[in-house]
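**Student:** Going left to right, the sequence shown walks through residues 948 to 1120 as the numbering used here numbers them.
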Amino acid sequence: MLSETAAKSSYRAFWFHGTSYRIYRQVFPADEFGSTKFFSERLAIYELGRFLEIGSGAGVTVAHLVKTGAAKKAVAVDINRHAVNNTQINVQRAGVANKVDVHESDIFKAVTGKFDTIYWNSPFINSSYAGTSGRLLEHALFDPGFLAHKRFFKHVFSHLKPGGQIFIGRAHV
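What follows is the structure in structure tokens.
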């Protein structure tokens, strides 16, 4: 895990609903896009039960939903190891680390079990650019041929409890 001391100079503070989150370099900048705030606030009005967030980024959404009680327990996954570390730090800062498991995973590869709610603020640009620079952050924005979306829909129902709900976030810039 990325230690807060070692990474102290590489983050920005992001205040959201009374909690100071940290957004580290090489992680989707939740403080620069309105989608994180928008979807976190909208999802908090639902009873989410056991919650899975695909592509947790800095972990603001999963931390907020567990902190508000909308999600009872949660699993957060991201393909970006820096985002996984950032999520771990932010769920600790929000005081909900005992209710959130965080894993590095490409969509469902490291996910086990079934969930009441599955949420993915998915990459919204169909471009062949993703991966050309080697930066993991690109996966938050680019989905060449929407192949990640195809994998998501191929496997999502095997991880959803009967009567469960799926939320897909789609942003634009």
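We put the CB at the ideal spot given by N, CA and C, even for glycine.
D1048 to A1021, Cα distance in whole Å?
**Tutor:** Within the sequence shown, the letter at position 101 stands for residue 1048. Within the sequence shown, the letter at position 74 stands for residue 1021. Going by the C-alpha atoms only, they are around 6 angstroms apart.
**Student:** Across which residues does DSSP place Q1112 in a beta bridge pair?
**Tutor:** Counted from its first residue, the sequence shown places residue 1112 at position 165. In the DSSP output, where bridge partners are listed per residue, Q1112 has T1064.
**Student:** What's the C-alpha gap between A991 and K1014?
**Tutor:** Position 44 of the sequence shown, counted from the first residue, corresponds to residue 991. Position 67 of the sequence shown, counted from the first residue, corresponds to residue 1014. Each residue's Cα considered, the two are about 10 angstroms apart.
**Student:** Determine the extent of the beta strand (DSSP E) in which V1022 is found, giving its start and end residues.
**Tutor:** Residue mapping note: residue 1022 aligns to position 75 of the sequence shown, counting from 1. First-last of the beta strand (DSSP E) with V1022: A1018 to D1025.
**Student:** Are at least three pairs of beta-carbons, each pair with one atom in the region 1022-1034 and one in the region 1054-1063, less than 8 angstroms apart?
**Tutor:** The region 1022-1034, when compared against the region 1054-1063, does touch it at the 8 angstroms Cβ threshold.
**Student:** Report, in whole angstroms, the separation of the C-beta atoms of I1036 and S1052, which I expect to be a contact under 8 angstroms.
**Tutor:** Mapped onto the sequence shown, residue 1036 falls at position 89. Mapped onto the sequence shown, residue 1052 falls at position 105. Not really, about 18 angstroms apart at Cβ, beyond 8 angstroms.
**Student:** Closer than 7 angstroms by C-beta to I1113: which residues in its own chain qualify, once you throw out the five before and the five after it? Chain order, please.
**Tutor:** Within the sequence shown, the letter at position 166 stands for residue 1113. Only I1065, V1103 and L1107 meet the Cβ criterion.
**Student:** Any idea what DSSP makes of S1080, helix, strand or coil?
**Tutor:** Here the question's residue 1080 lines up with position 133 in the sequence shown. Summary for S1080: the model assigns pLDDT 49, below 50, so the residue's position carries little reliability; its value from the coordinates is reported in the next sentence. DSSP places S1080 in coil when its eight states are reduced to three.
**Student:** Threshold first: 4 residues or longer. Then list the alpha helix (DSSP H) segments lying entirely within the region 956-1011, N to C.
**Tutor:** Entirely contained in the region 956-1011, the alpha helix (DSSP H) runs reaching 4 residues are, in chain order, 982-990.
**Student:** What does the Cβ neighbour count give for G1081, buried or exposed, with the cut at 16 atoms within 10 Å?
**Tutor:** Stepping through the sequence shown from its first residue, residue 1081 is reached at position 134. Only weak support exists for where G1081 lies, its pLDDT of 49 falling under 50; the value from the coordinates is given anyway. Exposed is the call here.
**Student:** To the nearest angstrom, report how far apart S1105 and D1063 are at their CA atoms.
**Tutor:** Counting from 1 along the sequence shown, the entry for residue 1105 is found at position 158. Counting from 1 along the sequence shown, the entry for residue 1063 is found at position 116. So the alpha carbons of these two residues sit roughly 12 angstroms apart.
**Student:** Using three-state DSSP, classify V1047 as helix, strand or coil.
**Tutor:** Counting from 1 along the sequence shown, the entry for residue 1047 is found at position 100. Looking at V1047 - three-state DSSP - the assignment turns out to be strand.
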